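Numbering (the working numbering), first residue to last: 7 to 585. Here is the structure we will look at, set down as structure tokens.
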């Protein structure tokens, strides 16, 4: 994988660098070619701007004789001797004057006679409306009267004097060496193709086979390099445009031959990977006898112990770390086996004895059924007060049998308190006054089961223990609205006019202590504190306000949660209940 990644990175960097270098080379080649073409402009300017040439051509009458034509051609050849020296790429010239005469100049000027007149006429027609710049054209097979392959390129321009007077048309035959001598620098390998286009997008010169179709110019981005995968091979394309002649150079070079040298990296990586695999296999084979086999034996022994076979032991063959682990494993298995026989069996006997003791205890359901029998007994005897007390006690017992973890409604909790207060009312008669004030909408709030019972019971056990008459108990409920992001709270207050208590007792009561040190009289209130803390957390809890001889106020701060179900049928929808 490392070799493959390295090879991929190498190819990516290689393509990037080759693209940059080849693009610079193409840009430099095109700049030199553009400069040489500009020189051709200067050379032909020497002809068109020469007053002697202008006067000699304009002096000829229409339809001159062959002798006069040959004489003028010899005269012009002598004047253009320096032109042939400065521009050896010019193979021949043909001049058309405005009177229909044609003059051929240069050593290869006779080649114009082999060309199709209609092709030459079309070339002259293209020059109409131009301003003296070159119009280029590649000589294909259709340019000659007979099938002939040539290495020439034709260019044409209007012949205009210094005062911009047009007095003729010039056709020029260039040797392809004008382009080839510069474009040869783009040959990186045999698979190179170079196409040169004129300003109109017509192909002028092809470095490869000239009959091959060049790529469309619209598919390439100007001034950039592109790498394309074509027929399983990677090719680099460049496209550049010259500043003066407006030639467009499109080059295509295959990167396959160059990239093949980079495959040496991949081959080295493959050989290295194969050698690493062989070495790893050899090393594993050697050390497996000393490491893997004892380790496998130890793992199998652990599986047997997990399945309950505690008599399993491993065979110690070495004195290294694995041997030490094996010894510790044998000692652990032996210890577990001992504990199974000595401790586990004793615990089973204790569990069995405890189960028998539990079964011997009073069954609460039996007590509940017995109370129901007493209710019917009193009811049949006409003692309705005793029957109601038995019913209240029976329903209290049934309510306490429900799981305390389950939430209930405030209505159900108050029903439980009503049952308890009925019993206490029967006990104290006129010496007890009870006032319950809870809005009907709060009765649907969800609260923790058996949350109020311990607090109300503490009132009668402690607050009223030394009070003989005028016992008053108040239970109030209200909704406290939250501010901004705070939620609403359910406030329940239980107040009495009992003996009260001082701050030290309240502080000791509110402080959590271990169960072993807990006093019996404080179990109820601490149970309420602990359950609110575990289930609701901050800011909910219990507040106690009390003074000796002035009574006690216990305030419960609970979440305001409305239950989804309907209230029981014994809800009176009353705003206030007074007993």
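The C-beta atom is built at its ideal place from N, Cα and C for all residues, glycine as well. Just so it is clear, the structure is predicted and the values come from calculations on it, not from any experiment.
The DSSP-derived three-state label of residue 55 is coil. Residue environment for residue 332: buried (at least 16 other C-beta atoms within 10 angstroms of its C-beta). Non-local beta-carbon contacts of residue 477 in its own chain, meaning distances under 8 Å to residues more than five positions away in sequence, involve 434, 437, 438, 439, 470, 502, 503 and 504 in chain order. Residue 109 counts as buried, since at least 16 other C-beta atoms from the protein chains shown sit within 10 angstroms of its C-beta. Listed in chain order, the non-local C-beta contacts of residue 32 below 8 Å within the same chain comprise 192, 244, 246, 255 and 257, local neighbours out to five positions each way being set aside. Sequence-distant Cβ neighbours of residue 8 in its own chain, meaning closer than 7 Å and more than five residues away, are 275. Residue burial is scored here from C-beta neighbours: residue 302 has fewer than 16 other C-beta atoms within 10 angstroms and is therefore classed as exposed. Under the three-state reduction of DSSP, residue 338 is assigned to helix.
A buried status is given to residue 532, since no fewer than 16 other beta-carbon atoms sit within 10 Å of its beta-carbon.
Excluding five sequence positions before and after residue 36, the CB atoms of its chain that fall closer than 6 Å to its own CB belong to 246, 248 and 255, given in chain order. Just measuring C-alpha positions, the residue of 34, 198 and 461 sitting nearest residue 481 is 461.
For residue 546, there is no enclosing alpha helix (DSSP H), as DSSP marks it with neither H nor E. Cβ-Cβ distances below 6 Å link residue 142 to 161, 204 and 210 in the same chain, with the five nearest sequence neighbours on each side left out; the list follows chain order. Distance check between residue 198 and each of 166, 239, 177 and 111 places 239 closest, using alpha-carbon atoms only. For residue 459, the enclosing alpha helix (DSSP H) covers residues 459 to 464. Buried is the label assigned to residue 455, since at least 16 other Cβ atoms lie within 10 Å of its Cβ. Inclusion of residue 39 and residue 253 in the CB contact set at 9 Å is warranted, their separation being smaller than that value. As for any alpha helix (DSSP H) of minimum length 4 sitting wholly inside the stretch 23 to 96, the runs are 57 to 64, 72 to 85 and 87 to 92, ordered along the chain. Excluding the 5 residues flanking it on each side, residue 250 has same chain C-beta neighbours closer than 6 Å at 40 and 44, in chain order. Exclusion of the five residues before and after residue 111 leaves 79, 82, 83, 86, 98, 99, 100 and 101 as the residues of its chain whose Cβ lies within less than 8 Å of its Cβ. Residue 298 places its beta carbon 9 Å or farther from that of residue 335. Between the alpha carbons of residue 510 and residue 555 lies a distance of about 15 Å. DSSP lists 479 as the bridge partner or partners of residue 440.
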